[in-house]
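Just below is one structure, and these are the notes that go with it.
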Amino acid sequence: MGIRIACAVRRRCRGFTLVELLVVIAIIGVLVALLLPAVQAAREAARRMSCTSKMKQVALATHNFHDTYLKFPYATLDYQPGRESDTTGTWYTAHIQIMPFMEGDALARRWDPTKPRGSTDDTDGDGFTNAMLTQMKIPVYTCPTMTPPSEPLTENRSPSSYIFSAGTHDGQLYAYGTEPVWNGAIIPLKNEVKTATALNTQPTKMRDITDGTSNTLFLGESDFAPAGRPSKVYGGLWQYGYIGYSMGTTYHPFNKHDWAVGTSMYSAFRSQHPGGANFALADGSVRFVAQGLDNTIYQAAATRDGGEALTLP
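Counting from 196, one number per residue, gives the positions in the sequence shown under this note's numbering.
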């Protein structure tokens, strides 16, 4: 009797049928499909948190620069004293100026601010040139969500995900000849030695932000235009002090990628975070601003002394 029972049990111990196997696979597939978006959302949340932390480091380094020199760094310097005949400028960036306050003193000391970023001259004989340094990737300047450029950049420049807010200017790439009034927190300068009547001959100070530091944009995000538009890749660059590269404006809504608009679009703030972008305010805080922000508020937040009453959502 015991043997017959054992045999009966053995006969009932069979494997999955094909139908049962397909059902199990289907259930697993449904579970994966349900969990994958949650996993991706969790990863993006972690990347966005890392982006927030990096942007805050940049903002605080800029504040420490101000505490030391009693002024903010300039976004770029179009001309240097003694180089009045040089029409190319040196474009020494705020990103380089604040590096000593972010444990980047070694690079900042080796950068020659009297020469353009592509210079191969090693005047001081330290073995480094601006052309060499411009290729260095700076981790604190890179948002983990940003897709790297799809092709090598000119001079192998290294990108930056964060650019300074220079105001509401239209953001044309080659706009210095028009002497625009830059009304943002961090502005480019045109040296007064070069043009006696030049505007923006002094960098901004904390006291100049009369709209309130908690209401004024300081930094924003940048990503890259697709290759071939137009035949190059444009985006944030820490070593190239130029509109659209190391500084941006609010002339266009942020996260807009309509490259048909023209070169002014390159100066627009934009990120690859879904639904919005990170911005640092002049008080050093960082907040995620949802896409679709009213353009009147967005424009007002970019001015340091426009007198607007606003509250960023």
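Even glycine gets a Cβ: it sits at the ideal position worked out from N, Cα and C.
The alpha helix (DSSP H) enclosing residue i, as first and last residue numbers
| i | result |
| --- | --- |
| R499 | Note, R499: premise wrong, no alpha helix (DSSP H); not H, not E. |
| G487 | From DSSP, G487 is part of no alpha helix (DSSP H); its letter is neither H nor E. |
| G224 | 213–264 |
DSSP three-state assignment for residue i, whether helix, strand or coil
| i | result |
| --- | --- |
| W383 | For the sequence presented, residue 383 should be read as Pro rather than Trp. Residue state, collapsed to three classes: coil. |
| I404 | coil |
| A270 | coil |
| R465 | coil |
Spatial neighbours of residue i in its chain, beta-carbon cut-off 7 Å, leaving aside the 5 residues before and after
| i | result |
| --- | --- |
| D403 | R499, D500 |
| E503 | D406, A495 |
| D177 | Because the chain spans 196 through 508 in this model, residue 177 falls outside it and cannot be assessed. |
| Q252 | M297, V335 |
| L505 | N410, I492, A495, A496 |
| W306 | I291, N325, L328 |
| M250 | Y357, L414, N473, A475, V481 |
| D316 | K310, T324 |
| G439 | G366, L368, Y429, Y461, S462 |
Unbroken beta strand (DSSP E) run spanning residue i, endpoints
| i | result |
| --- | --- |
| F474 | 471–476 |
| F419 | Careful: F419 lies outside any beta strand (DSSP E) and carries neither H nor E. |
CB contact check: residue i to chain D, cutoff 7 Å
| i | result |
| --- | --- |
| G407 | Absence of chain D from the displayed structure is noted, only one protein chain being present. |
Same chain, Cβ closer than 6 Å to residue i, five either side skipped, listed in chain order
| i | result |
| --- | --- |
| Y493 | T445 |
| S245 | P339 |
| P308 | Y287 |
| Y269 | L384, P398 |
| K400 | K266 |
| G320 | none |
Residues near residue i by beta carbon distance below 8 Å, same chain, minus five either side
| i | result |
| --- | --- |
| T342 | D418, F419, Q467 |
| F211 | V219 |
| D300 | M294 |
| A472 | G415, E416, F449, N450, F464, R465, S466, F483, V484, Q486 |
| G470 | A485, Q486 |
| T243 | The displayed chain sequence assigns Arg, not Thr, to residue 243. Correct list, in chain order: T340, H468, N473, F483. |
| Q397 | K266, L384 |
| A303 | I291, Q292, M294, P295 |
| T363 | N378, G379, T444, T445, Y446, Q494, A497, T498 |
| N351 | T329, Q330 |
| H261 | F267, K400, M401 |
- Task: Count the C-beta pairs between the region 307–324 and the region 334–344 that are closer than 8 Å, then say yes if the count reaches three, no if not.
- Result: No: the two stretches stay apart, fewer than three of their Cβ pairs being nearer than 8 Å.
- Ranges of the alpha helix (DSSP H) found wholly within the region 293–378, counting only runs of at least 4: Segments of the alpha helix (DSSP H) lying fully in the region 293–378: 300–305, 325–328.
- Message: For the region 288–299 against the region 461–472, do three or more pairs of beta-carbon atoms, one drawn from each stretch, fall closer than 8 Å, so that the two count as touching?
- Response: Short answer: they don't touch.
- Message: Using a Cβ distance threshold of 8 Å, determine whether the region 316–327 contacts the region 212–231, with at least three qualifying pairs required.
- Response: When C-beta atoms of the region 316–327 are compared with those of the region 212–231, fewer than three pairs fall below 8 Å, so the two segments do not count as touching.
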